[in-house]
Structure formats: structure tokens, C-alpha cells
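Have a look at the structure below before the remarks.
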Amino acid sequence: MSKYALVIDYKYCTGCHTCEVACRKEKNIPIEEYGIKVIRQGPIKLGGKWMYDFVPIPSNLCDVCTDRIEIGKDPACVQHCLSACMSAVPVEQIGAHIVDKGEKVACFIP
Ligand code: SF4
Ligand code: SF4
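Quick note: to get the numbering used here, add 2 to the position in the sequence shown (first position is 1).
Following this line, the structure appears as C-alpha cells:
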């Protein structure tokens, strides 16, 4: 099986924290730990505009839900993300996957 990456198009992230909860349930992660953590960046003034972002950051506990991918399912966070801003992508397809996405795209490879 290909190695997978988590691609996060965080300009669409609403900061709802559903991915944190989905990951915690899927991986039985205790409350003081995170498989993925949504941080708030800003507000900061940049180039005359106020910027405010939510950025989901996977931790070293994230394996891109390899066990789910092996049986044809999306990772738990991807499945439950309300804005569909995350996807699991084979590493050799990352370039093609992000080429048209524009700014504020992050890629996590465990
Ligand atoms: S891919 Fe799986 S392990 Fe990684 S953050 Fe999402 S739910 Fe958690
Ligand atoms: S579930 Fe999706 S929209 Fe909600 S915080 Fe996570 S990445 Fe952002």
C-alpha cells in the first residue's frame, strides 16, 4: 500500500474542533493528549488586512488512520470534517492534488 499524507486546506477550516473529537474517539486518545489539534492563528494585521486562521495540526500520534485506509475508508477526521477541508492522499500524488488549491494548504506525512 502507498504511504499516505494528510492534506489540509485550512483556509476552509472553521475551527469547529470536530476533527479533534473524531480522532480522539477513533484512536482512544486520552483527554490530555491530541492526535490532531486545531490552533487559532491571529488576528494579525498583514499587508493592511486583518488575518485570522484556524490551523489543524496532526501530532506524532497520527498515522493517517492507515488501518481505515486499508479497508477503503477515509481517516476519521477526514470523514467527520464539516467543511471537507482535509483529505488523505498517496504521497506520490500530493503535487497533483494541491496544484490548484492556492494558498493556505498544509501537508502532514507521518
Ligand atoms: S488521520 Fe486519523 S490519526 Fe490522524 S489526525 Fe486524523 S483521525 Fe487522527
Ligand atoms: S473538522 Fe474540519 S473544519 Fe472543523 S476544525 Fe477540523 S479541520 Fe477545521
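The beta carbon of each residue, even a glycine, is placed where N, CA and C say it ideally should be.
Residue i, buried or exposed, once every other Cβ within 10 Å from all chains shown has been counted against 16
i, result
"Tyr6", "buried"
"Gly49", "exposed"
"Ala1", "In this structure the chain extends from 3 to 112, so residue 1 is not present and cannot be described."
Whole-angstrom distance between residue j and residue i, CA atom to CA atom
i, j, result
"Lys103", "Glu22", "23 Å"
"Ile100", "Pro32", "33 Å"
"Val9", "Ile96", "8 Å"
"Lys106", "Phe56", "10 Å"
"Ala78", "Ile38", "11 Å"
"Arg70", "Ala108", "22 Å"
Check whether residue i and residue j have beta carbons under 7 Å apart
i, j, result
"Cys15", "Cys87", "yes"
"Asp65", "Pro112", "yes"
"Leu63", "Thr20", "no"
"Val40", "Gly17", "yes"
Cβ distance (whole Å) where residue i is taken to contact residue j below 8 Å
i, j, result
"Ile46", "Met53", "5 Å"
"Met3", "Glu72", "6 Å"
Span of the beta strand (DSSP E) around residue i
i, result
"Cys21", "It is not in any beta strand (DSSP E) - Cys21 instead sits in the alpha helix (DSSP H) that spans 20-29."
"Val66", "Run containing Val66: none; DSSP gives neither H nor E here."
"Ala78", "Careful: Ala78 lies outside any beta strand (DSSP E), inside the alpha helix (DSSP H) at 78-82."
"Ile96", "Counting along the chain, Ile96 falls outside any beta strand (DSSP E), though it belongs to the alpha helix (DSSP H) covering 96-100."
"Ser89", "88-92"
"Val57", "51-60"
"Ile41", "38-48"
"Cys15", "Cys15 -> no beta strand (DSSP E), and no H or E assigned at all."
"Val107", "That residue, Val107, is in no beta strand (DSSP E); it is neither H nor E in DSSP."
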